[in-house]
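Trainee: The numbering used here numbers the first residue of the sequence shown as 1 and each following residue consecutively. Dropping the structure in here first, questions after.
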Amino acid sequence: MRRWHELFVPGRVCLFGEHSDWAGSYRRINSKLQPGQVIIAGTNQGLYARVRAHHDKLIVRSILPGSDEPQSIELPMDRHELLQTAEAGGFFSYAAGVAYHMLTFYRVQGIEIDNYQTTLPVRKGLSSSAAFSVLLARAYNRVYDLKLTIRAEMEAAYQGEIRTPSRCGRMDQGCAFGQVPVKMTFNGELLHTHRLTIGAPLHMLVADLNGKKDTIKILGDLNRAFPFADDDESMRVQQYLGPINTELVERASTHIAEGDAEALGKLMTEAQRLFDDYLMPACPEELTSPKLHRVLNDPRIQGLTWGGKGVGSQGDGCVQFVTRSVSDRQELVDYLANTYGMKAFELDLTPPQAVRKAVIPVAGYGTRMFPASKALKKELFPVITPDGMAKPIILAVVEEAVQAGIEEIALIVRSGDEQFYDDFFNQPVARDHYSHLSESHQKYCQYLHNLGERLTFIPQQEQAGFGHAVYCARDFIGKDPFLLMLGDHLYVSQSEVPCARQLIDAYEQCGARRSVVGCYVADVEEISNYGTLAGEALNSDQRLLEVREFAEKPNRDYARRNLVTPDLPPDKFLCIYGQYILSPAIFECLGRQIDADAREAGEYQLTTALETLRKQEGVLGYRVAGRHYDTGLPGPYVQTLHAIYHGE
Ligand code: UTP
1 MRRWHELFVP
11 GRVCLFGEHS
21 DWAGSYRRIN
31 SKLQPGQVII
41 AGTNQGLYAR
51 VRAHHDKLIV
61 RSILPGSDEP
71 QSIELPMDRH
81 ELLQTAEAGG
91 FFSYAAGVAY
101 HMLTFYRVQG
111 IEIDNYQTTL
121 PVRKGLSSSA
131 AFSVLLARAY
141 NRVYDLKLTI
151 RAEMEAAYQG
161 EIRTPSRCGR
171 MDQGCAFGQV
181 PVKMTFNGEL
191 LHTHRLTIGA
201 PLHMLVADLN
211 GKKDTIKILG
221 DLNRAFPFAD
231 DDESMRVQQY
241 LGPINTELVE
251 RASTHIAEGD
261 AEALGKLMTE
271 AQRLFDDYLM
281 PACPEELTSP
291 KLHRVLNDPR
301 IQGLTWGGKG
311 VGSQGDGCVQ
321 FVTRSVSDRQ
331 ELVDYLANTY
341 GMKAFELDLT
351 PPQAVRKAVI
361 PVAGYGTRMF
371 PASKALKKEL
381 FPVITPDGMA
391 KPIILAVVEE
401 AVQAGIEEIA
411 LIVRSGDEQF
421 YDDFFNQPVA
431 RDHYSHLSES
441 HQKYCQYLHN
451 LGERLTFIPQ
461 QEQAGFGHAV
471 YCARDFIGKD
481 PFLLMLGDHL
491 YVSQSEVPCA
501 RQLIDAYEQC
511 GARRSVVGCY
521 VADVEEISNY
531 GTLAGEALNS
541 DQRLLEVREF
551 AEKPNRDYAR
561 RNLVTPDLPP
571 DKFLCIYGQY
581 ILSPAIFECL
591 GRQIDADARE
601 AGEYQLTTAL
611 ETLRKQEGVL
621 GYRVAGRHYD
631 TGLPGPYVQT
641 LHAIYHGE
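See the structure below:
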C-alpha cells in the first residue's frame, strides 16, 4: 500500500529588511550597492497535508480557510498540460508549476496531495502561494526520496512558482525553514541563508489593517532609484535599503539571539521611523499609510507592545508588533478587533526545547568481550582516567552527560540488572570498606550518589538490538528532544567543550529543532563496520551538515556511488560517532520498524530508523571535535585504555 506522509508548511513574515531583497539583486549591475538582508520568520499558521505517490497523476484536494468545500484538480503528469495549467494562473497553478518542474528535472511520477487544513490566511502578505509551492516540492521530495536539502526545496518551489503568472521573490520560499527566524542575504544572483538563534520566547502579533495598498506602484516607485541613483531622493532610497538596513538587521539578529523583546520592539519602531524618513518621499501615495500610522501611534497599543512596524511591501497592508507579554497580546487582539475591526495572527519565536534528558543503552550481551563479559557486564569494565582513578566505563559516560548539562538519564539495562546498577550508584559502600578508603575517595562516594539520583533504570526484556533498546525509553522521554549515547564508548573532546555538549550546542544554535547526529571522518576501509551518513555542509567551518542519506554498514561500492560528502578528500566518508540529539519522533520510526518485525541480522537498527526520520523531518549531522573509543571489542578496548589514561 502507498504510505501517506504528513506535512506542515507555515507561511512567512518579513520582520526586517523589506524591499532590500530585490535591491540587493541589483548588485549584478551596480557592484557599489550593498547586499540586501532580511529576517523572515515562519508563522504559527500554515498548510497541513497528507501526501502519497500516484502512478501517473497530479491530484490535489485543498480546503481554503473559511470554506468547508474542498476544491480539487486532477492532471496527468504530462509536461505540456502541467505547464498550460501553471501559466493559466489560479489557485492550482502553483501545484501544476512545481509538478512541471519536478517532472522535468527529477523525472518523478505522480502525487496525491490532501491539503486537509489551512490555517494560513491567503493574500495577506504571509506568502501563502510560496507555502503551497514549498508544500508541493517537499511532497515530491518525501514521497520519491529525492534527498533535496531545504535550500533545494526552496529552489524547486521558486522554479515552479515562476511558471505561473504570480510574481514571487526569493524571500517567499523561506517558509521552507519552518517556524524559525532566518537571515537571508541577497547579493546579485546569490542567496545565502542563515538560521538565527532565539534566546528567549518572543510573542508577536501580525494584524490585517483592512486597508488598500498597491504593491506594484510601491515597487515601481522604489525601483526607480536602482541600479544607479541620479537624484537626492534616489540616493536616500539606496541608503536606507543598503547600509541603514544592514545595520538594522544586524541589531535585530542580536536582540533575537538575546531574547530581548523590548529592544526588538523598539528597533521595529526605529526601523519604521527611518523607513518613513528615507522611503516615504519616493512613493508618498502608498507609503504615507494612514491606517498603519494610526495604529502604531495609538497610546493604548503602545502600552501593550514594545514597538511595531509595517509588513511586506509596507503601505496599509499588515502591521506587526512585539507584545510585552502573552496576556498583553491577548488584550491587543481584542482591542484591535473591537476598536478597529482588525483580525490578528499570533506569531511566536521560541527557542528550541532544552535537551534535559539522556538515554544510554547498556543491555547488550557483549558477545565480543566473552568470556570477560560472562563475569562482568562490559559497560562495567574499568578504564583509568588521567587523574589515576579506576572507573567503570558507564560511570565515565554518565559523567560526560552530566557535564553536558543533562539532568535526567535513563540507563537501558538487561531485565533483572536494575538492582545491580542501582547498587553501584545509589547504595553506600559497606562500612568496613568505606573506612579503608582515602578521604578523597570517601568524598567521591557522595558524588556517586548524587549522580545516581539522576538515573532511572529501564529494563529491555529482549536483546533485540540498539534500536530496540532506544525504543524502551519512549515513555521516559515523552515529547522532549534527548541525548543518546552508546554505553560502551568513551568520548574525548579535542576542544574545551565536552563532545556531548558540542552536539547540544549545535542543536540549540542551528535553531532548526531537528535531530543532530554526531559524525566523524573515516577511511573507506572502516565504513562496512559502522553506520554511515552523507550530506551537504551548512556552515562555513563545515561542521554542520544537512544529511542526505544514512546507511547501516554500507559496502565500498555503495558508498562510493551514493555516500560521497562534498568537501571531504577522496575515499573519506562520515561515520556515526555514537552521540545523538534526537527528536521524540524517532520512537514512531522505531515503532513502525518493530511492528513490521523489520530486523536486520536479528536486530532493530537505529540507523534504519534515522533514515526514516530524515525523510520525515530532516536530520542534521555534526562533525564532533573529538575522538570516540570503542570498548566493546578486545583490541580497541586495549587502545581505549591507553588513550583514556594519556588523555589523547
Ligand atoms: P553493540 O552494538 O556493541 O552490541 O551495542 P552488544 O550486543 O552490546 O555487543 P556484542 O555484539 O554482543 O559484542 C551498542 C550499545 O547498545 C547496547 C549495548 O549494551 C551497547 O552499550 N545494546 C545493544 C542494548 O542495550 N541492547 C541490545 O539489544 C543491544
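Every residue gets a Cβ at the ideal spot worked out from N, C-alpha and C, and that includes glycine. These numbers come from a predicted model, not from an experiment.
Quick check: is any heavy atom of the ligand UTP less than 6 Å from the C-beta of Arg-368?
Mentor: yes
Trainee: Run through DSSP, which three-state label would Cys-510 get?
Mentor: The answer is helix: DSSP assigns Cys-510 an H, G or I state.
Trainee: Among the candidates Val-362, Gln-542 and Val-470, whose CA atom is the shortest distance from the CA of Gly-591?
Mentor: Val-470
Trainee: With distances taken from CA atoms, which of Phe-132, Leu-641 and Ala-500 is nearest Thr-118?
Mentor: Phe-132
Trainee: Residues bridged to Ser-72 by DSSP?
Mentor: Arg-61
Trainee: Looking only at its chain, what residues have a beta carbon closer than 8 Å to the beta carbon of Ile-162, apart from the 5 residues adjacent to it on each side?
Mentor: Gly-97 and Cys-168
Trainee: Pick helix, strand or coil for Asn-539, following the three-state DSSP scheme.
Mentor: coil
Trainee: Are three or more beta carbon pairs between the stretch 222–241 and the stretch 356–370 nearer than 8 Å?
Mentor: no
Trainee: Where does Asp-214 fall in DSSP's three states?
Mentor: coil
Trainee: I need the boundaries of the alpha helix (DSSP H) containing Lys-266, first residue and last residue.
Mentor: 261–279
Trainee: Can you have a look at Asp-145 and say buried or exposed, based on whether 16 or more other CB atoms are within 10 angstroms of its CB?
Mentor: exposed
Trainee: Is it buried or exposed for Gln-446, if we count other Cβ within 10 angstroms and need 16 for buried?
Mentor: By the 10 Å Cβ count, Gln-446 comes out exposed.
Trainee: Restricting to Cα atoms, I'd like to know which of Arg-561, Thr-185 and Arg-251 is closest to Pro-570.
Mentor: Arg-561
Trainee: Going by Cα to Cα distance, which pick from Thr-607, Arg-28 and Arg-2 is closest to Gly-467?
Mentor: Thr-607
Trainee: Residues in the same chain with beta-carbon distance under 7 Å from Val-383, minus the five sequence neighbours each way, listed in chain order, please.
Mentor: Lys-391, Ile-393, Ala-396, Leu-490, Thr-640, Leu-641 and Ile-644
Trainee: Give the straight-line distance between the Cα atoms of Phe-476 and Ser-583, rounded to the nearest whole angstrom.
Mentor: 13 Å
Trainee: List the endpoints of the continuous alpha helix (DSSP H) containing Glu-546.
Mentor: Unbroken run through Glu-546 is the beta strand (DSSP E), 544–552; no alpha helix (DSSP H).
Trainee: How about Leu-563 and Phe-550: are their beta carbons less than 7 Å apart?
Mentor: No, the Cβ-Cβ distance between Leu-563 and Phe-550 is not below 7 Å.
Trainee: Pull the bridge partners of Asn-187 from the DSSP assignment, please.
Mentor: Leu-190
Trainee: What are the residues that DSSP puts in a beta bridge with Pro-566?
Mentor: DSSP lists no partner for Pro-566.
Trainee: Please confirm if the stretch 593–607 is in contact with the stretch 617–635, defined as three or more CB-CB distances below 8 Å between the two stretches.
Mentor: no
Trainee: Let me know if Lys-357 comes out buried or exposed under the rule of 16 or more other beta-carbons within 10 Å of its beta-carbon.
Mentor: buried
Trainee: Mind checking which residues open and close the beta strand (DSSP E) that includes Glu-233?
Mentor: It is not in any beta strand (DSSP E) - Glu-233 instead sits in the alpha helix (DSSP H) that spans 232–239.
Trainee: From this set, Glu-346, Gln-442 and Arg-138, which residue's C-alpha is nearest Ala-430's C-alpha?
Mentor: Gln-442
Trainee: Note the first and the last residue of the continuous beta strand (DSSP E) segment covering Trp-306.
Mentor: 305–310
Trainee: Cβ of Glu-286 within 7 Å of Cβ of Gly-315?
Mentor: A contact, by the Cβ cut-off of 7 Å.
Trainee: What are the uninterrupted segments assigned as alpha helix (DSSP H) that are 4 or more residues long and contained completely in the stretch 436–483, given in chain order?
Mentor: 439–452, 466–471 and 474–477
Trainee: At what residues does the beta strand (DSSP E) containing Glu-407 begin and finish?
Mentor: From DSSP, Glu-407 is part of no beta strand (DSSP E); its letter is neither H nor E.
Trainee: Would Met-369 and Lys-378 qualify as a contact pair, given that the criterion is a beta-carbon distance under 7 Å?
Mentor: A distance below 7 Å separates the beta carbons of Met-369 and Lys-378.
Trainee: Measure the alpha-carbon distance for Lys-309 versus Ile-29 and round it to whole angstroms.
Mentor: 31 Å
Trainee: Using three-state DSSP, classify Pro-35 as helix, strand or coil.
Mentor: coil
Trainee: Taking the continuous alpha helix (DSSP H) assigned at Pro-636, which residues delimit it?
Mentor: Here the alpha helix (DSSP H) through Pro-636 covers 634–645.
Trainee: Gly-46 and Gly-11 look like a contact to me (Cβ under 8 Å); what is the Cβ gap, rounded to whole Å?
Mentor: Between Gly-11 and Gly-46 the Cβ distance is about 6 Å, and since that is below 8 Å, they are a contact.
Trainee: Kindly list the residues whose CB is nearer than 6 Å to the CB of His-194, restricted to its own chain and excluding five residues on each side of it in sequence; keep chain order.
Mentor: Excluding five sequence positions before and after His-194, the CB atoms of its chain that fall closer than 6 Å to its own CB belong to Lys-183, given in chain order.
Trainee: Measure from the alpha carbon of Leu-196 to the alpha carbon of each residue in Asn-223, Ile-39, Ser-495 and Arg-501, then state which is nearest.
Mentor: Ile-39
Trainee: Hey, would you say the C-beta of Ala-375 is under 6 Å away from at least one heavy atom of the ligand UTP?
Mentor: no
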